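Engineer: Just passing along the structure, written as structure tokens.
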Amino acid sequence: MCYVCQVANDVDQQARELSASDWLELANYAVDNGMVFLLLTGGEPLLRPDFFEIFTPLTRLGLLLTLFTNGTLITEPIAAKLAEAPPSRTEITIYGATAETYESVTGVPGSFKNCCEGIEALVKHQIHLGLKSTITRQNIHELEAMRKMAHAWGLPFTAAWMLTERRDGLQSEIGDCRLSASECVELEATDRASATELTETALREATVGDDSNLYCQAGKVAFTINAWGEMYPCIDLRMPAVKPLETGFQAAWQVVQDFVDNAPPLDPVCFDCEARPYCPRCPAWSKLENGTLTKPVPYLCEIAFARKEIYEKDL
Amino acid sequence: MKRKEDFVLQNIGGENLLVPIGAQVMDLNGLVILNDTAVYIWDLLVKKWESDEMAGAVAEQFEVDLETAQRDVRAFLNEIAEMGLLED
Chain A
0 MCYVCQVAND
10 VDQQARELSA
20 SDWLELANYA
30 VDNGMVFLLL
40 TGGEPLLRPD
50 FFEIFTPLTR
60 LGLLLTLFTN
70 GTLITEPIAA
80 KLAEAPPSRT
90 EITIYGATAE
100 TYESVTGVPG
110 SFKNCCEGIE
120 ALVKHQIHLG
130 LKSTITRQNI
140 HELEAMRKMA
150 HAWGLPFTAA
160 WMLTERRDGL
170 QSEIGDCRLS
180 ASECVELEAT
190 DRASATELTE
200 TALREATVGD
210 DSNLYCQAGK
220 VAFTINAWGE
230 MYPCIDLRMP
240 AVKPLETGFQ
250 AAWQVVQDFV
260 DNAPPLDPVC
270 FDCEARPYCP
280 RCPAWSKLEN
290 GTLTKPVPYL
300 CEIAFARKEI
310 YEKDL
Chain B
0 MKRKEDFVLQ
10 NIGGENLLVP
20 IGAQVMDLNG
30 LVILNDTAVY
40 IWDLLVKKWE
50 SDEMAGAVAE
60 QFEVDLETAQ
70 RDVRAFLNEI
80 AEMGLLED
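Taken in order, these protein sequences are the chains called A and B.
With numbering that gives the first Met the number 0 as the guide, the letters of the first sequence map in order to residues 0 to 314.
With numbering that gives the first Met the number 0 as the guide, the letters of the second sequence map in order to residues 0 to 87.
Structure representation (structure tokens):
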């Protein structure tokens, strides 16, 4: 398991995962209630031996499907099968431009070769594909090489580097792998194509002129359902964990919306902070980093003030 | 001409969304938003029509003159033909 991945590779937890028929029941409820966009992610969705038992029926529901995968399990037959009814968008995360670096992150010998073969199979079958990377201290030196690698295949490339603590609350090595605040800001100042996606969203959303804490679209027009059928506002905020297969879809969605509507307001320290327009903190970040929905996240405070210094330098 | 069958028409929050399915995703990556007149035409296109013949149906349904209906129907059909939504 990649050390940056936040999904525990736990056999007991895998056994709790919803069945294919459960997933399809949920999808049909969601479509009946207006779902148009659906992202399939993990962990690694293709680890499920019954992946196509879920995916193929989903392609007939009138959804715009996106698939996030690490690509290592995509063989020629799987790429051909995907091409029969492809996702609107597929994104593969790469962890390095060489086997040495890639596999120092994944910890799986041969995974770099498998990933490259998976990418080539999808390119051959003309699947709409983009590459991205999670940048850590271990692979940052290959950022440009990864971009060139993507472009050599004719594929777009983006990078992200703001890693959170694990979602399951277990001990992580986050301090060893995520970039420092100054490194993040330095990178986003030079890596324009990737920075756009990360910072513009954050900046726009953080300038909301009120004290609302959950300022994005989570729990308003979007939800997440985890492998065990629990619904959340977003993938990083594992509350209120209501189960639509038990309560009914509409009731579950209402609970999630109520949770967002009744979330505590922004902490006064954050509300009054002069670097707030530059801060990407949200309740999910706070929950992951300090167990609250509101408290400042020191890592993001550093990033926000470093951004403020850079972006206001010439004002 | 008639419509391809590789699309699902959904009404979400009052908007009519035409979403490609199957291999059609390769050719049209996204969705098409239809107004009510376009939905009427899309429904008609389940069977084969000539453009002028369809304009007559549209003129009658929406109580517009035939010339206006012909112009609008041709424009719409050309547009969705370019998107690959039609077959002969």
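We treat Cβ as the ideally placed atom computed from N, Cα and C, and that holds for glycine.
This structure is a prediction, so every number in the text was calculated from the model and none was measured.
1. Between which residues of its own chain and residue 315/A is the CB-CB distance below 6 Å, once the five residues before and five after are set aside?
2. Just the Cα atoms here: how many angstroms apart are residue 58/B and residue 45/B?
3. Which value, in whole angstroms, describes the spacing of the CA atoms of residue 1/B and residue 70/B?
4. Ignore the nearest five residues each way along the sequence and tell me which others in residue 3/B's own chain have a CB closer than 8 Å to its CB.
5. Just to confirm the assignment, what range does the beta strand (DSSP E) spanning residue 23/A have?
6. Looking at the secondary structure, which residues open and close the alpha helix (DSSP H) in which residue 117/A lies?
7. Compare the beta carbon distance of residue 36/A and residue 80/A with 8 Å and say whether it is the shorter of the two.
8. When the cut-off is 8 Å and only beta carbons count, does residue 28/B lie next to chain A?
9. Hey, would you say the C-beta of residue 85/A is under 7 Å away from at least one heavy atom of the ligand ZN?
10. Quick one: does residue 82/B have its CB under 8 Å from some CB of chain A?
11. Quick one: measure Cβ to Cβ for residue 275/A and residue 269/A, integer angstroms, because I've assumed they're closer than 8 Å.
12. Identify every residue that forms a DSSP beta bridge with residue 133/A.
13. Does any CB atom of chain A fall closer than 8 Å to the CB of residue 13/B?
14. Excluding sequence positions up to five away, which residues of its chain have a Cβ less than 6 Å from the Cβ of residue 144/A?
15. Report yes if the CB atom of residue 8/B is closer than 8 Å to the CB atom of residue 41/B, and no otherwise.
16. Is the beta carbon of residue 219/A less than 8 Å from the beta carbon of residue 259/A?
17. Shorter than 8 Å from the beta carbon of residue 85/A to some beta carbon of chain B?
18. Among residues of its own chain, excluding the 5 on either side of residue 180/A, which ones have a beta-carbon nearer than 7 Å to its beta-carbon?
19. Please name the residue, chosen from 311/A, 262/A, 230/A, 287/A, that lies closest to residue 273/A on a Cα-to-Cα basis.
20. Give me the residue from 140/A, 90/A, 254/A, 19/A with the minimum Cα distance to residue 70/A.
21. With DSSP run on the structure shown, which of helix, strand or coil describes residue 340/A?
22. Would you decide whether residue 61/A is buried or exposed? Buried here means 16 or more other CB atoms lie within 10 Å of its CB.
23. Hey, out of 217/A, 211/A, 215/A, 245/A, whose CA is closest to residue 227/A's CA?
24. Answer yes or no: does any C-beta atom of chain A fall closer than 8 Å to that of residue 20/B?
25. Tell me the residue span of the beta strand (DSSP E) that contains residue 91/A.
26. Taking the C-alpha atoms as reference points, what is the distance between residue 44/A and residue 174/A?
27. Using CA atoms only, rank isn't needed, just tell me which of 156/A, 30/A, 113/A is closest to residue 133/A.
28. If you draw a straight line from the C-alpha of residue 162/A to the C-alpha of residue 62/B, how long is it?
29. For residue 40/A, I'd like the list of residues in its chain whose CB is within less than 6 Å of its CB, leaving aside the five on either flank, ordered along the chain.
30. When the Cα of residue 290/A is compared with those of 236/A, 250/A, 73/A, 279/A, which residue comes out closest?
31. Residue 24/B CB to nearest chain A CB: under 8 Å?
32. According to the neighbour-count rule (16 or more other Cβ atoms, all chains shown, within 10 Å of its Cβ), is residue 29/A buried or exposed?
33. Can you check which of these residues, 11/B, 50/B, 67/B, is closest to residue 79/B by C-alpha distance?
34. So which residues on chain A does residue 7/B lean against when the C-beta distance must stay under 9 Å?
35. On the criterion of 16 or more Cβ atoms from any shown chain inside 10 Å, does residue 212/A qualify as buried, or is it exposed?
Structural biologist: In brief:
1. Any answer about residue 315/A is impossible in this case: the structure gives chain A only from 0 up to 314.
2. Counting from one through the second sequence, the residue named residue 58/B turns up at place 59. Counting from one through the second sequence, the residue named residue 45/B turns up at place 46. About 19 Å.
3. One-based indexing of the second sequence puts residue 1/B at position 2. One-based indexing of the second sequence puts residue 70/B at position 71. So the alpha carbons of these two residues sit roughly 18 Å apart.
4. Sequence index remark: in the second sequence, residue 3/B carries index 4 (1-based). Correct list, in chain order: 23, 83, 84, 85, 86.
5. Counted from its first residue, the first sequence places residue 23/A at position 24. Careful: residue 23/A lies outside any beta strand (DSSP E), inside the alpha helix (DSSP H) at 19-31.
6. Within the first sequence, residue 117/A is the residue found at index 118, counting from 1. Residue 117/A -> alpha helix (DSSP H) spans 110-123.
7. Locating residue 36/A in the first sequence gives position 37, where the first residue counts as 1. Locating residue 80/A in the first sequence gives position 81, where the first residue counts as 1. No. Outside cutoff.
8. The residue given as residue 28/B occupies position 29 in the second sequence. Taking a beta-carbon distance threshold of 8 Å, residue 28/B counts as an interface residue toward chain A.
9. The ligand ZN is not part of this structure, which contains no ligands at all.
10. Start at 1 with the first residue of the second sequence, and residue 82/B comes out as number 83. No - not a single Cβ of chain A is within 8 Å of the one on residue 82/B.
11. Within the first sequence, the letter at position 276 stands for residue 275/A. Within the first sequence, the letter at position 270 stands for residue 269/A. Sure, about 6 Å apart at Cβ, within 8 Å.
12. Indexing the first sequence from 1 puts residue 133/A at position 134. Bridge partners of residue 133/A: 159/A.
13. Within the second sequence, the letter at position 14 stands for residue 13/B. By the rule that beta-carbons nearer than 8 Å mark a contact, residue 13/B does not touch chain A.
14. Within the first sequence, the letter at position 145 stands for residue 144/A. Excluding residues within five positions, the ones whose Cβ falls inside 6 Å are 96.
15. Within the second sequence, numbered from 1, the residue matching residue 8/B stands at position 9. Within the second sequence, numbered from 1, the residue matching residue 41/B stands at position 42. Cβ atoms of residue 8/B and residue 41/B: closer than 8 Å.
16. Locating residue 219/A in the first sequence gives position 220, counting from the first residue. Locating residue 259/A in the first sequence gives position 260, counting from the first residue. In this structure, residue 259/A lies closer than 8 Å to residue 219/A by Cβ.
17. Position 86 of the first sequence holds residue 85/A. Yes, its Cβ sits closer than 8 Å to a Cβ of chain B.
18. Along the first sequence, read from residue 1 onward, the residue named residue 180/A stands at position 181. Counting only residues of its own chain and dropping the five nearest sequence neighbours on each side, residue 180/A has a CB closer than 7 Å to the CB of 298, 301, 302, 305.
19. Here residue 273/A is taken as the residue at index 274 of the first sequence, counted from 1. Nearest of 311/A, 262/A, 230/A, 287/A to residue 273/A, Cα basis: 311/A.
20. Against the first sequence, residue 70/A aligns to sequence position 71. Nearest option by C-alpha distance: 90/A.
21. Residue 340/A cannot be examined here, being either before or after the span of chain A that is shown, 0 to 314.
22. As a position in the first sequence, residue 61/A is number 62, starting the count at 1. Of the other Cβ atoms in all chains shown, 16 or more fall within 10 Å of the Cβ of residue 61/A; this residue is therefore buried.
23. Against the first sequence, residue 227/A aligns to sequence position 228. For residue 227/A, the closest C-alpha among the options 217/A, 211/A, 215/A, 245/A is that of 245/A.
24. Your numbering for residue 20/B matches position 21 in the second sequence. Closer than 8 Å: yes.
25. Your numbering for residue 91/A matches position 92 in the first sequence. Here the beta strand (DSSP E) through residue 91/A covers 88-93.
26. Locating residue 44/A in the first sequence gives position 45, where the first residue counts as 1. Locating residue 174/A in the first sequence gives position 175, where the first residue counts as 1. Taking C-alpha positions only, residue 44/A is separated from residue 174/A by approximately 28 Å.
27. Position 134 of the first sequence, counted from the start, is the residue given in the question as residue 133/A. Comparing Cα positions, the closest option is 156/A.
28. Here the question's residue 162/A lines up with position 163 in the first sequence. Here the question's residue 62/B lines up with position 63 in the second sequence. Taking the straight line joining both Cα atoms gives about 60 Å.
29. Position 41 of the first sequence, counting from 1, holds the residue named residue 40/A. Result list for residue 40/A: 67, in chain order.
30. The residue you call residue 290/A lines up with position 291 of the first sequence. When each option's Cα is compared against that of residue 290/A, the closest is 236/A.
31. Translated into the one-based positions of the second sequence, residue 24/B becomes position 25. Taking Cβ atoms only, chain A reaches closer than 8 Å to residue 24/B, which makes this a yes.
32. The sequence position of residue 29/A within the first sequence is 30, counting from 1. Residue 29/A is buried by the Cβ-count criterion.
33. Mapped onto the second sequence, residue 79/B falls at position 80. By alpha-carbon distance to residue 79/B, the top candidate from 11/B, 50/B, 67/B is 50/B.
34. One-based indexing of the second sequence puts residue 7/B at position 8. Contact note: residue 7/B reaches chain A through 59, 60, 61, 62, using a C-beta cutoff of 9 Å and chain order.
35. Here residue 212/A refers to the residue found at position 213 when the first sequence is read from its first residue. Under this definition residue 212/A is a buried residue.
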